[in-house]
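Asks:
In our numbering, the protein residues as written are 357 to 465.
#1: Quick check: residue 386 and residue 410, are their CB atoms within less than 9 Å of each other?
#2: Straight-line CA distance for residue 414 to residue 421?
#3: Please state whether DSSP places residue 434 in a helix, a strand or coil.
#4: Whole angstroms is fine: what's the gap from residue 432's alpha carbon to residue 374's?
#5: Give me the Cα-Cα distance between residue 404 and residue 412, rounded to the nearest whole angstrom.
#6: Can residue 399 and residue 383 be called in contact, C-beta distance under 9 Å?
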């Protein structure tokens with residue numbers, strides 16, 4: 357695991373997504389951290405469930421989200437249909453026509 361992959365303090369832990377009981381920090385395992393996204397495993401002692409979760413760091417104060425419409429149910433269904441027929445790899449899926457990744461393009465705009 358990359359040395360940058362360390363879990364910042366979660367003083368109160370998290371709530372279980374199944375039974376909503378508090379899960380202490382020692383039952384939360386960091387799986388990966390990249391930029392402002394964290395992928396964790398949460399194990400609830402009370403109900404015995406294990407959940408894999410993504411956490412994104414909040415934007416700094418004063419930074420607002422882009423002015424774009426919300427993703428609709430139709431958007432999600434259309435993406436499911438598109439991905440069902442996709443035969444390329446993930447890199448090709450995420451690449452913009454210019455060859456840059458879509459993430460690179462959104463950062464430069």
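Yeah, the Cβ is synthetic: ideal placement off N, Cα and C, and Gly gets one too. Note that the structure is predicted; figures quoted are calculated from it, not measured.
Replies: In this structure, then:
#1: Reading the chain shown from its first residue, position 30 is the one you call residue 386. Reading the chain shown from its first residue, position 54 is the one you call residue 410. Not a contact, by the Cβ cut-off of 9 Å.
#2: For this step, residue 414 is matched to residue 58 along the chain shown. For this step, residue 421 is matched to residue 65 along the chain shown. Cα-Cα distance, rounded: 10 Å.
#3: By one-based count along the chain shown, residue 434 stands at place 78. Correct three-state label for residue 434: helix.
#4: For the purposes of this step, residue 432 is taken as the residue at position 76 of the chain shown. For the purposes of this step, residue 374 is taken as the residue at position 18 of the chain shown. The straight-line gap separating the alpha-carbon atoms of residue 432 and residue 374 is approximately 24 Å.
#5: The residue labelled residue 404 in the question sits at position 48 within the chain shown. The residue labelled residue 412 in the question sits at position 56 within the chain shown. Approximately 25 Å between the Cα atoms of the pair.
#6: Indexing the chain shown from 1 puts residue 399 at position 43. Indexing the chain shown from 1 puts residue 383 at position 27. Between residue 399 and residue 383, the CB-CB gap stays under 9 Å.
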